[in-house]
Amino acid sequence: MSREIVIDPVTRIEGHSKITIQLDDRGEVVDAHFHVTQFRGFERITQGRPVHEMPAIMARICGICPVSHLIASAKAVDDILAVEPPPTGKDLRRVINLGQIVQSNALSFFHLSAPDLLFGFDADPAKRNVIAMARENPALAKDGIALRKWGQQIIEWIGGKRIHPTGIVPGGMAEPLTAEVRDRILGGVPDAIAAVERAIAWYKTDMMRWEEEAATFGNFRTAFMGLVDRHGNVDHYDGWLRVIDADGKFLADKVDPHNFNDYIGEAVEPWSYLKSTYWKAMGYPDGIYRVGPLARVNIADRMGTPRADEELEKFRWRVGRVAGSSFHYHYARLIDTLHSIEKIEEILRGPDILSKHVRSRAEVNRLEGIGVSEAPRGTLMHHYKVDENGIVQWANLVIATGHNNMAMNRAVLQVARHHIKGDRLEEPMLNRVEAVIRCYDPCLSCSTHALGEMALRIQLLGPDGTVLSDLAR
Amino acid sequence: MPGDDPLIGAAAGGDAGSPEAARPGPAEAASGALVVCYGNPLRGDDALGWHVSELLAADPRLGGATVIWRHQLTPDLAADIKDASLVILVDVNVVDEPGVVSLRRVDAGGSEAGGSEAATDSAGSAGPSSHHVAPAELMALARELWGASPAVYVVSAGAETLEIGDRLSPAVEAALPAVVDAVASIVTRRGGPDPFGLRQGRLRP
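Protein sequences, first through last, are from chains P and C. Numbering (our numbering) for the first sequence: 624 to 1096. Numbering (our numbering) for the second sequence: 7 to 211.
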């Protein structure tokens, strides 16, 4: 007799998802699915819109990472206009994208995951929240708030608004940078670096407590994908696609992102609105790969900035050249944040950063365009087709969470297999199923963006639908 | 503790000061006051906060105050609150009749008179989250991290609809002047014999 555990919802507001865990008649886990049950449809609703509107529309996909969609969308429209933004325009896009990564990574680590790490996965969920964290470790809580605020201020100061900024436009940026804003941002760099370095030191000291989680939280062999520059350093804005296997061997390198469709396929399962992308050469579902901070530190030769490179060396000394456990997303996210802060400083100290020439202008010169960049959660791809008047005919988005979909499903299965024994549903299992999803920080739901008392319900059902066990909070 | 955190910096500015016998002038009264208006401009009456922030920004009675607008209250606002001596939160609620303007005080312990904000604000709350926190939770966070204990008021109006739309309902639109006046009254009467000059509860049925 097979039975099914359903966690529904794993979400609160804009993200809607649930988890089902299938048991056999001995109570052993045989399968698990992470279902995304909401449908957004931006690909459809943008059909018929002038292509110049695309960045502003696409930014509305997400209130947490609007800059990421703005960047990828603006690059896709640049491609359709066949226009290259001026160097300073590109640099300002890089800075605002890195500001986005700092604030989103800070949100993920300090606000979402740190309470789990601080209090433990067996702690009362009512205790695992930012206020309890402030009481227990105020320095850590302050650092998280400060880092997120600094990242948001960068977005607001350069982009015009902290949510859905308007400064990123086709062809570059709407406005040049002023010396006053540059200096204001630079003024926060030393404290931002100190804050993230304190968090890294704390994490490294504490990470030994989580050996069991590191061994079972999505710890498996997959490929990894991300963007690197011509030196093999992490590149969050441009560069080439690099894909490595679980041993670090190149599956592909120096791939022009415009050709991503030659390498990546998309599959649809009837149980989820979230597409599953896969490495075509390995087929579906074997072509599983991961993106995001863990992938970035795995694929790159170096981060490309001094402090982050030093931490990357220590990371590799601790967990190996290619880290396989999704638990290490946390550690990688901090290194990614450190690198982003250093890079912001490097770019802002450039001699031409105050140049007034930040935008190139053109009309439609191509009927198809692709924009690829690194979002906080991983590689983001926007692909548009327009008619000769620049009216959007077709759009496709390949988002980081889609790249990670197969890995998230497999991670849930691994955690469930490790922690579910028999019919009993206990809080620690539920905590860990949530926590493994948080490692990926999927941008689809408040479930993974929520702390403390989540609207979760898990049910163990018999074949006739009878509730055998029920756990809710 | 202004200036003790250069990364965050002082948001509201000014000196917290202590109540004085003589009523201060508008700019002096507003110094150290932080007004946080919040809500989603594309969710019907939830746009109240956005509209009020626009009106307050041009109101001379708020001359020395800091007025900001946010989609919702988030934990990072604790860093803005740490330097304020007075915090006024402006939102809609789903308890009062449409357009009814209410005033509630959040005490220094983080609890709220008139019931839990979690049950009454437009977004609701199921505990502190990264997306939003209730006013009492936000104050508790500022108190835990920085020892901040400003006087905190919530000025709100009953909502008629929170469905998708970029228009206020007639009742809430008509309440805009009363909400603005309530905020201005709290700021300008601070320091007088009746420091806030307003009784908690319904201001305009």
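Virtual Cβ for every residue (Gly too), placed ideally from N, Cα, C. For clarity, every value in this text was computed on a predicted model and none was experimentally measured.
Straight-line gap, R195 (chain C) to A71 (chain C) (C-alpha atoms, nearest Å): Sequence index remark: in the second sequence, residue 195 (chain C) carries index 189 (1-based). Sequence index remark: in the second sequence, residue 71 (chain C) carries index 65 (1-based). Taking the straight line joining both Cα atoms gives about 13 angstroms.
Within 10 angstroms of its Cβ, does S122 (chain C) collect 16 or more other Cβ (buried), or is it exposed? Your numbering for residue 122 (chain C) matches position 116 in the second sequence. Because the pLDDT at S122 (chain C) is just 34, under 50, the model does not fix this residue reliably, and the value given afterwards should be weighed accordingly. So S122 (chain C) ends up on the exposed side.
Between E150 (chain C) and chain P, is there a C-beta pair that is closer than 7 angstroms? Here residue 150 (chain C) refers to the residue found at position 144 when the second sequence is read from its first residue. With 7 angstroms as the cut-off, E150 (chain C) counts as an interface residue toward chain P.
Using a Cβ-Cβ cutoff of 8 angstroms, what residues of the segment 841–860 of chain P are near chain C? List them in chain order. none
Taking its Cβ as the centre, do 16 or more other Cβ atoms sit within 10 Å of K877 (chain P), making it buried, or is it exposed? The residue you call residue 877 (chain P) lines up with position 254 of the first sequence. So K877 (chain P) ends up on the exposed side.
In the DSSP assignment, what residue or residues form a beta bridge with T900 (chain P)? What you label residue 900 (chain P) is simply residue 277 of the first sequence in a count that begins at 1. In the DSSP output, where bridge partners are listed per residue, T900 (chain P) has P:E889.
Chain P residues whose Cβ lies nearer than 7 angstroms to that of A237 (chain C): Any question about residue 237 (chain C) goes unanswered here, given that chain C covers just 7 to 211.
Whole beta strand (DSSP E) runs in the segment 33–61 of chain C with 3 or more residues, listed along the chain? 39–44
Contact between the segment 1029–1040 of chain P and the segment 640–660 of chain P: three or more CB pairs below 8 angstroms? The segment 1029–1040 of chain P and the segment 640–660 of chain P touch, with no fewer than 3 CB-CB distances between them shorter than 8 angstroms.
Taking Cβ positions only, does L147 (chain C) come closer than 7 angstroms to chain P? Reading the second sequence from its first residue, position 141 is the one you call residue 147 (chain C). Taking Cβ atoms only, chain P reaches closer than 7 angstroms to L147 (chain C), which makes this a yes.
With the cut-off set at 7 angstroms, would you say I781 (chain P) and A697 (chain P) are in Cβ contact? Here residue 781 (chain P) refers to the residue found at position 158 of the first sequence. Here residue 697 (chain P) refers to the residue found at position 74 of the first sequence. In this structure, A697 (chain P) does not lie closer than 7 angstroms to I781 (chain P) by Cβ.
Using CA atoms only, rank isn't needed, just tell me which of P:C1062, P:R1000, P:G992 and P:I1014 is closest to V706 (chain P). As a position in the first sequence, residue 706 (chain P) is number 83, starting the count at 1. Residue P:G992 is the option with its Cα nearest to V706 (chain P).
Three-state secondary structure assigned by DSSP to M1004 (chain P): If you number the first sequence from 1, residue 1004 (chain P) lands on position 381. Three-state result, M1004 (chain P): strand.
Looking at the strands, I want to know which residues DSSP matches up with F591 (chain P). No statement about residue 591 (chain P) is possible, as the shown extent of chain P runs from 624 to 1096 and does not include it.
For a contact meaning CB atoms closer than 8 angstroms, what does I768 (chain P) contact in chain C? Taking the first sequence and counting its residues from 1, one reaches residue 768 (chain P) at position 145. In chain order: I14, P81, D82, A84, A85 and L151.
Thinking just about the alpha-carbon of each residue, which of P:S731, P:H675, P:G849 and P:L730 is nearest to the one in A1023 (chain P)? For the purposes of this step, residue 1023 (chain P) is identified with residue 400 of the first sequence, where counting begins at 1. Taking only the C-alpha atoms, the option nearest A1023 (chain P) is P:G849.
Extract the residue ranges of the alpha helix (DSSP H) inside the segment 700–772 of chain P, only unbroken runs of 4 or more that lie entirely within it. As far as the segment 700–772 of chain P is concerned, its whole alpha helix (DSSP H) runs of at least 4 residues are 710–729, 737–742 and 753–759.
My output table needs one value for Y860 (chain P): the three-state DSSP class, helix, strand or coil. Your numbering for residue 860 (chain P) matches position 237 in the first sequence. It is coil, neither helix nor strand.
Contact list for R758 (chain P) against chain C, beta-carbon separation under 7 angstroms: As a first step, residue 758 (chain P) must be located in the first sequence, where it is residue number 135. Neighbours of R758 (chain P) on chain C, chain order: E150.
I'd like to know if K765 (chain P) contacts chain C, where contact means its C-beta is closer than 7 angstroms to some C-beta of that chain. Counting from one through the first sequence, the residue named residue 765 (chain P) turns up at place 142. Closer than 7 angstroms to some Cβ of chain C, the Cβ of K765 (chain P) qualifies, so yes.
Can you check whether the CB of V41 (chain C) is closer than 7 angstroms to the CB of P107 (chain C)? As a working note, residue 107 (chain C) is residue 101 in the second sequence. As a working note, residue 41 (chain C) is residue 35 in the second sequence. The sequence given here places Val at residue 107 (chain C); Pro does not occur at that position. No. Outside cutoff.
Out of curiosity, what's the CA-to-CA distance linking F732 (chain P) and N1012 (chain P)? Taking the first sequence and counting its residues from 1, the one referred to as residue 732 (chain P) is at position 109. Taking the first sequence and counting its residues from 1, the one referred to as residue 1012 (chain P) is at position 389. Between F732 (chain P) and N1012 (chain P), the C-alpha separation is close to 45 angstroms.
For a contact defined as C-beta to C-beta under 9 angstroms, what are the partners of I964 (chain P) on chain C? Working through the first sequence from its first residue, we reach residue 964 (chain P) at position 341. In chain order: nothing, as chain C lies at least about 11 angstroms away.
Contact with chain C by V753 (chain P), beta-carbon distance below 7 angstroms: One-based indexing of the first sequence puts residue 753 (chain P) at position 130. Taking Cβ atoms only, chain C reaches closer than 7 angstroms to V753 (chain P), which makes this a yes.
Looking at the structure shown, is F840 (chain P) part of a helix, part of a strand, or coil, going by DSSP? Sequence index remark: in the first sequence, residue 840 (chain P) carries index 217 (1-based). DSSP places F840 (chain P) outside both helix and strand once states are collapsed to three, so it counts as coil.
Should E933 (chain P) go down as buried or exposed, given a rule of 16 or more other Cβ atoms within 10 Å for buried? If you number the first sequence from 1, residue 933 (chain P) lands on position 310. With fewer than 16 other Cβ atoms within 10 Å, it is exposed.
May I have the straight-line CA-CA distance separating R919 (chain P) from R1061 (chain P), to the nearest angstrom? Numbered from its first residue, the first sequence carries residue 919 (chain P) at position 296. Numbered from its first residue, the first sequence carries residue 1061 (chain P) at position 438. C-alpha separation (whole angstroms): 18 angstroms.
Where K979 (chain P) falls, given that 16 or more other Cβ within 10 Å makes a residue buried: In the first sequence, residue 979 (chain P) corresponds to position 356, counting from 1. By the 10 Å Cβ count, K979 (chain P) comes out exposed.
Reduced DSSP secondary structure (H/G/I, E/B, other) of V160 (chain C): Against the second sequence, residue 160 (chain C) aligns to sequence position 154. Correct three-state label for V160 (chain C): strand.
Going by beta-carbon coordinates alone, are L935 (chain P) and I964 (chain P) separated by less than 7 angstroms? Residue 935 (chain P) sits at position 312 when you count from the first residue of the first sequence. Residue 964 (chain P) sits at position 341 when you count from the first residue of the first sequence. No, they are not a contact pair.
DSSP has Y912 (chain P) in a bridge; who is on the other side? Numbered from its first residue, the first sequence carries residue 912 (chain P) at position 289. DSSP, once it has assigned bridges, lists P:A846 as partnering Y912 (chain P).
Which chain C residues are close to P1097 (chain P), counting only those with a beta carbon under 7 angstroms from its beta carbon? What the structure shows of chain P is the stretch from 624 to 1096, and residue 1097 (chain P) is not part of that stretch, so it cannot be assessed.
Pick from C:A140, C:W56, C:P81 and C:A39: whose alpha carbon is nearest that of R771 (chain P)? As a first step, residue 771 (chain P) must be located in the first sequence, where it is residue number 148. Measuring from the Cα of R771 (chain P), the nearest candidate turns out to be C:P81.
Minimum C-alpha distance to A955 (chain P) - residue among P:K966, P:I967 and P:V942: Looking up residue 955 (chain P) in the first sequence gives position 332. Nearest option by C-alpha distance: P:V942.
Should D1064 (chain P) go down as buried or exposed, given a rule of 16 or more other Cβ atoms within 10 Å for buried? Stepping through the first sequence from its first residue, residue 1064 (chain P) is reached at position 441. It counts as buried.
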